[in-house]
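Read through the structure below, which is laid out as structure tokens, and then see the notes.
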Ligand code: FAD
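Numbering (our numbering), first residue to last: 19 to 493.
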């Protein structure tokens, strides 16, 4: 593996895309070398911005021939350092930000073919313009791009009803590390023809090739939509309410999010325009989202009946139902800002974990006891997609604590939280992926056979070891 890239070789890479689409100055490259959480600071001599599949192919062919490491990057919103080149490396960044074409929309077959550089929000908008919906929705949707969404198998707020990116993609176009192009842009719901190559690339975090295009699944736009925010006493009550909501609403239940009091305090304090929607505080809150295909009345009736049942059963202490689309957005904004609202509170140690939904209360209690015993004064802000069993188990530093000393305990906190997650049969990465952050931990918890199979797959696709080395799995 080349550790430095000669000026002559850099020029050969640059000539593929044209000098106008290359970043070489340190100041221009700098924003591509850091990620949202500031955990990783990579190094790279160059960012290439190809404009076509053929250019991506030529880049990867040259990379494999010369043993030059390549790091794909789209929106740079990933949360595990997968898109950040390695520290002190000469990894070349390939950004797909110029490849933003909506290639085709088929409202009959409910599919859409897009370039991997399309911004998620633009894809949602294009679907809407054709009377359809693309349901993937994330806090980062204004900047993350389809290639990154696919490569991290992104989840977000509508997984409960529509699934994650794996379920929302029918076909892929991928440039392999050798430069070969795999055109798997099939629009079929049913296609049982051997190994599922598409599923290998989804969630591979750029370690097996560069995704350049995708066939996405579209859905009819819901005609009815209701969002409610309810104060509750305990996580156990939230779970009972979730069970009632899924029985009553079935597939119309599109979101069921759990939030702690401290999260509502953080967002009210730090996020402009956000305020506590209820008049008195509650230990926990749930955001319930219902979408129906027939009418607004149906969604309204469903929500009212669910809340009435919740009040009668003593599960809901207080609730508000959004009276307009703007209010619906405001409630979701509060939930989606919860992570950002932790930043002004000092250091935050994050966990993106999942456990079987029924185990959430036990996991939350055990984790709280263990964390508070290890780090008295820690402020636990555990929130997330309760209906998917996915909790963002974030821990803010004690008030007045030293930030660096707190962050230095990241691994210790991980060990506690992940240990409990595994005891409950859960996953240490529910939706953000492995990247650099969890690579070694993954190898330490997964059975040997599973890690061996992953390494064999990596070697088969990327014999020269040039695709995003050092991420997901060490070979
Ligand atoms: P990048 O960060 O650029 O890359 C992510 C990974 O994919 C890297 O490993 C990169 O090498 C690889 N990659 C990128 N493009 C390609 C390509 N074309 N081919 C092959 N590999 C590629 N994630 C969730 O799942 N759910 C959430 O609710 C959620 N909320 C978020 C909220 C905020 C505020 C932020 C900052 C992030 C959130 N994320 C969430 C994480 C992140 O937004 C997603 O992982 C997103 O899907 C990454 O897309 P991206 O374009 O930014 O990818």
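Where a beta carbon is used, it is the ideal one built from N, C-alpha and C, also for glycine. No experiment lies behind these values; they were computed from the predicted model shown.
Asked: At a cut-off of 7 Å, is residue 173 close to the ligand FAD when judged by its beta-carbon and the heavy atoms of the ligand?; Found: yes
Asked: Assign residue 201 to one of two classes, buried (16 or more other C-beta atoms within 10 Å of its C-beta) or exposed (fewer than that).; Found: exposed
Asked: Residues in its own chain within less than 6 Å of residue 338 by CB, not counting five upstream and five downstream?; Found: 247, 295
Asked: Regarding residue 239 and the ligand FAD, is the C-beta to nearest heavy atom distance less than 7 Å?; Found: no
Asked: Just the Cα atoms here: how many angstroms apart are residue 68 and residue 110?; Found: 13 Å
Asked: Report the partner residues of residue 174 according to the DSSP bridge assignment.; Found: 155
Asked: Please look up how many angstroms separate the CB atoms of residue 166 and residue 92, rounded, as I've assumed it's under 8 Å.; Found: 4 Å
Asked: I need the boundaries of the beta strand (DSSP E) containing residue 255, first residue and last residue.; Found: Careful: residue 255 lies outside any beta strand (DSSP E), inside the alpha helix (DSSP H) at 253–267.
Asked: To the nearest angstrom, how far is it from the Cα of residue 185 to the Cα of residue 25?; Found: 43 Å
Asked: Verify the contact flag: residue 415, CB atom, against every heavy atom of the ligand FAD, threshold strictly below 7 Å.; Found: no
Asked: Excluding sequence positions up to five away, which residues of its chain have a Cβ less than 8 Å from the Cβ of residue 444?; Found: 371, 372, 373, 374, 377, 381, 407
Asked: Roughly how many whole angstroms lie between the Cα atoms of residue 31 and residue 486?; Found: 17 Å
Asked: Under three-state DSSP, which class holds residue 130?; Found: strand
Asked: Is the beta carbon of residue 496 within less than 7 Å of some heavy atom of the ligand FAD?; Found: A question about residue 496 goes unanswered here, because the residues of the chain that appear run from 19 up to 493.
Asked: Straight-line CA distance for residue 113 to residue 336?; Found: 47 Å
Asked: What three-state label does DSSP hand residue 8 in the structure shown?; Found: The question about residue 8 has no answer, for the chain in this structure spans 19 to 493.
Asked: Put residue 20 into one of helix, strand or coil per three-state DSSP.; Found: Caution is warranted here: a pLDDT of 49 is assigned to residue 20, below 50, making its placement in the model unreliable, and the coordinate value is therefore given only provisionally. Coil.
Asked: In the DSSP assignment, find the alpha helix (DSSP H) that holds residue 327 and state where it starts and stops.; Found: 314–330
Asked: What residues match up with residue 397 in a beta bridge as DSSP calls it?; Found: 414
Asked: Within 10 Å of its beta-carbon, does residue 467 have 16 or more other beta-carbons around it, so buried, or fewer, so exposed?; Found: exposed
Asked: Mind checking who residue 74 pairs with in its DSSP beta bridge?; Found: In DSSP, residue 74 forms no bridge with anything.
Asked: Which term fits residue 143, buried or exposed, when burial requires 16 or more other beta carbons within 10 angstroms of its beta carbon?; Found: exposed
Asked: Is it right to say residue 423 is buried, meaning 16 or more other beta carbons lie within 10 angstroms of its own, or is it exposed?; Found: exposed
Asked: My output table needs one value for residue 91: the three-state DSSP class, helix, strand or coil.; Found: strand
Asked: Taking residue 214 as the reference, which of 413, 188, 237 has the closest Cα?; Found: 188
Asked: With a threshold of 8 Å, are at least 3 pairs of Cβ atoms found where one atom belongs to the stretch 277–293 and the other to the stretch 355–371?; Found: yes
Asked: By the three-class DSSP mapping on this structure, what secondary structure does residue 303 have?; Found: strand
Asked: Measure the Cβ-Cβ separation of residue 15 and residue 178 and say whether it is below 8 Å.; Found: For residue 15 there is no data in the structure shown, the boundaries of the chain being 19 and 493.
Asked: Evaluate residue 390 with the Cβ neighbour count: other Cβ atoms within 10 Å of its Cβ, from every protein chain shown; 16 or more gives buried, anything less gives exposed.; Found: exposed
Asked: How far does the alpha helix (DSSP H) with residue 390 in it reach, from first residue to last?; Found: 378–392
Asked: Looking only at DSSP bridge pairs, what is residue 231 linked to?; Found: 133, 191
Asked: From which residue to which residue does the alpha helix (DSSP H) around residue 346 run?; Found: 343–354
Asked: Who are the Cβ neighbours of residue 39 in its own chain at under 6 Å, not counting the five residues just before and after it?; Found: 67
Asked: Return the CA-CA distance between residue 231 and residue 331, expressed in angstroms with no decimal places.; Found: 49 Å
Asked: Where do the N-terminal and C-terminal ends of the alpha helix (DSSP H) with residue 141 fall, by residue?; Found: 138–147
Asked: Is there at least one non-hydrogen atom of the ligand FAD closer than 7 Å to the beta-carbon of residue 118?; Found: no
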